[in-house]
Structure formats: C-alpha cells, structure tokens
C-alpha cells in the first residue's frame with residue numbers, strides 16, 4: 890500500500906509540473922507537451938495534479954476537453970483508489 894501512495898503522489902506531482910512546463914512553453918513559443926500525454930498522465934492517476942496545474946497556471950482553462958475531462962478523470966482516479974484500497 891505504501892508503494893501505491895508514493896505512486897499516486899509522484900504521478901500527481903509530475904502531471905502538475907508538466908502542466909506548468911507546457912504553460913511556460915506556450916508563453917515562449919517552445920515545443921509543447923502533447924495534450925494526449927497530459928490526459929494519459931491524468932488517467933494513470935494524475936487527475937488532481939492536472940486539475941491543480943490548470944488552476945495554478947490558468948492553463949487549458951478554455952479547452953472544453955480539459956475543463957470537462959480533468960474532473961471526470963479525477964472521479965475515475967477516485968473510483969480506482971477506492972477499489973484498490975478495498976480489494977488489495
């Protein structure tokens with residue numbers, strides 16, 4: 890269970906950092922982080938980090954796919970965490 894908690898913390902931290910990095914790249918016209926990667930990381934447990942990154946850097950907040958998708962992925966992540974904690 891400890892490994893699972895560490896994983897969840899790390900994936901959320903990495904997703905949060907990736908959102909900030911992408912915002913920085915967007916501002917300076919650099920190479921961007923693909924949206925597919927951001928969604929994949931959020932789906933793999935980093936939904937909260939992605940959502941917090943959206944709020945902290947005001948990034949992707951006008952994209953309907955992110956405004957709707959990140960909260961849905963948080964719900965999916967929560968369901969998975971509940972199932973894992975009950976059955977493992």
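In our numbering, the protein residues as written are 890 to 977. C-beta atoms are modelled at their ideal positions from N, C-alpha and C, and glycine is treated no differently. From a predicted model like this one, the values you see are computed outputs, not experimental measurements.
Which residue wins for smallest C-alpha separation from residue i, given the options the options?
i	options	result
residue 929	955, 913, 948	955
residue 896	918, 914, 934	934
residue 964	912, 932, 944	932
residue 959	923, 927, 914	927
In whole angstroms, what is the alpha-carbon distance linking residue i and residue j?
i	j	result
residue 916	residue 936	23 Å
residue 900	residue 925	15 Å
residue 945	residue 908	9 Å
residue 966	residue 919	31 Å
Kindly give me the distance between the Cβ atoms of residue i and residue j, rounded to whole angstroms, as I take these residues to be in contact under 8 Å.
i	j	result
residue 974	residue 939	In fact, because the Cβ distance is near 22 Å, the residues do not count as touching under 8 Å.
residue 948	residue 911	7 Å
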